[in-house]
Every structure is written in structure tokens, then in C-alpha cells.
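For the sequence shown, my numbering begins at 292 and goes up steadily by one. For every residue, glycine included, the Cβ atom is placed at its ideal position computed from N, Cα and C.
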Amino acid sequence: MQLTNDKIENREIIFFLFIILVGSFILEQPILDLQNDLLNPNLKFHFIPANSFPVFYIILRFVKGCVFAPIIEELFFRGFIQRKLNKKYSFPISLFVASSLFSIQHFDLENLIPSFILGFILGYIYFKTKNIKYSIILHSASNFIALFINFFGGTLIAFIILHKYDLFYWLIEISGLLLLYFGIKLFNRNLEKEKIEV
């Protein structure tokens with residue numbers, strides 16, 4: 292029996308999506324660090340605290356990044372492009388193309404690969420749930436975390452720089468890999484359980 296959208300609405304899925312998101316964020320760090328070392332080897336990091344910006348600007352960035360951008364981008368890249376491609380091509384091809392277009396439209400060379408990874412995960416979530424709201428929620432949460440770190444994460448960023456490429460750094464990366472693996476596994480298991488219960 293076909294899985295209906297209203298069946299895939301529970302807190303467990305949101306929790307598993309959060310685990311997947313945290314795992315992917317952790318795993319993206321070596322990519323960002325390697326890219327920065329290759330593209331900008333002499334770049335010195337300088338954190339600009341949130342109180343350096345007008346409050347209105349910060350609010351605007353959060354509204355744009357956590358509300359408007361996730362809704363518009365998910366409706367277009369997953370709800371339109373990926374869905375159309377799925378009708379003509381296999382899922383891996385449609386997922387790769389939609390994720391690539393999603394990455395390219397960000398016009399940021401340094402975030403090209405992380406954007407592709409995020410697009411890949413969002414596309415996978417949409418394909419498995421057949422419900423755009425979950426990819427929107429995940430996209431919004433991803434942007435919120437990125438913006439929060441950008442404005443308020445000076446201590447965290449300094450910590451990452453301090454431990455870059457050391458043993459502790461790679462142990463954290465292994466934990467991110469485990470979170471991503473078990474997050475996806477539990478997510479899929481939950482969907483299979485919902486199918487059985489339909």
C-alpha cells in the first residue's frame with residue numbers, strides 16, 4: 292500500500308532530521324578548511340561579533356535565510372526541478388542534477404561543495420518522504436545554525452581553528468560521520484515502519 296503524506300508526520304522524523312543535519316554540519320568542516328587552505332592560504336580569520344551590526348540587519352538576515360529562502364528554494368529545486376527530473380530519469384541522476392543546480396545558484400566557490408552536500412541530503416529527504424515540508428524544515432534549520440554561528444559563534448570558530456587537523460578534530464569528524472550514518476538509518480527505518488502501519 293502506498294505511503295501517504297499525512298502518515299509521515301511525527302516528532303521522530305524531525306528528531307532524525309536534526310541528527311542528520313548535525314552530522315552533515317560536522318562533516319562539512321574539513322571540506323571548508325581544506326578549501327580555505329587551498330584557495331586562501333594566507334587568509335587570517337577575523338570574527339565580527341553580532342553587536343557590530345544593526346539589530347534590524349540581523350533580524351532581516353534571519354527572516355530571509357530561515358523563512359523565505361528555504362521555502363522558495365525547496366519549492367523550486369525539490370518541488371519543481373527534482374520532481375520533474377524524477378519523471379524522466381532515475382533518482383540518482385535527478386538528485387545529482389538538482390543538487391548541482393542548487394549548489395551553483397549560491398554563487399559562492401567556497402561553499403560549492405557544502406551546498407551540494409546539503410542539496411543532496413534535502414533531495415534525498417524529499418524523495419523518501421514525498422513531502423516538501425521536511426526538506427523546508429531541514430533547510431531552514433541548516434540556515435539558522437549557519438547564521439547563528441556567523442553572528443554569535445566566535446568562541447566555537449576559535450575552538451575549531453585552534454584544533455584544526457589535530458587528533459581531537461578528527462575524533463569530532465568521526466562522531467559526525469556516525470551521527471549522519473545512524474540518523475539516515477533511523478530515518479529510513481522509521482519510514483519503513485510507517486509503511487507497514489498504513
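PRO340 in three-state terms, based on DSSP: The three-state secondary structure of PRO340, taken from DSSP, is coil.
Whole-number beta carbon distance between GLY314 and PHE368, since they are thought to touch under 8 Å: The distance from the Cβ of PHE368 to that of GLY314 is about 22 Å, inconsistent with a contact at the 8 Å cut-off.
Cβ shell of LEU308 (< 6 Å), same chain only, five flanking positions each side left out: Within the same chain, Cβ atoms closer than 6 Å to the Cβ of LEU308 are found at LEU429, the five residues on either side in sequence being excluded.
Coarse secondary structure for HIS454, derived from DSSP in three states: The three-state secondary structure of HIS454, taken from DSSP, is coil.
Which of helix, strand or coil DSSP assigns to SER381: In this structure, SER381 counts as coil in the three-state DSSP scheme.
Start-to-end residues for the alpha helix (DSSP H) that takes in LEU325: Element bounds for LEU325: 302-330.
C-beta atoms of ILE341 and PHE443 nearer than 7 Å: The sequence shown places Ala at residue 341, rather than the Ile named in the question. In contact: ALA341 and PHE443 (Cβ atoms closer than 7 Å).
Straight-line Cα distance separating ASP457 from ILE404: When rounded, the separation of the alpha-carbon atoms in ILE404 and ASP457 is 23 Å.
Secondary structure, alpha helix (DSSP H): runs of 4+ residues fully inside the segment 381-465: Secondary structure remark: continuous alpha helix (DSSP H) runs of at least 4 residues inside the segment 381-465, in chain order: 382-395, 403-420, 423-443, 445-453.
Contact between the segment 463-483 and the segment 311-327 (3+ Cβ pairs under 8 Å): With contact defined as three or more Cβ pairs closer than 8 Å, the segment 463-483 and the segment 311-327 are in contact.
Bounding residues of the alpha helix (DSSP H) (the contiguous stretch that carries PHE347): Per DSSP, the unbroken alpha helix (DSSP H) holding PHE347 starts and ends at 346-354.
Local conformation of ASN481 per DSSP, three classes: Helix at ASN481.
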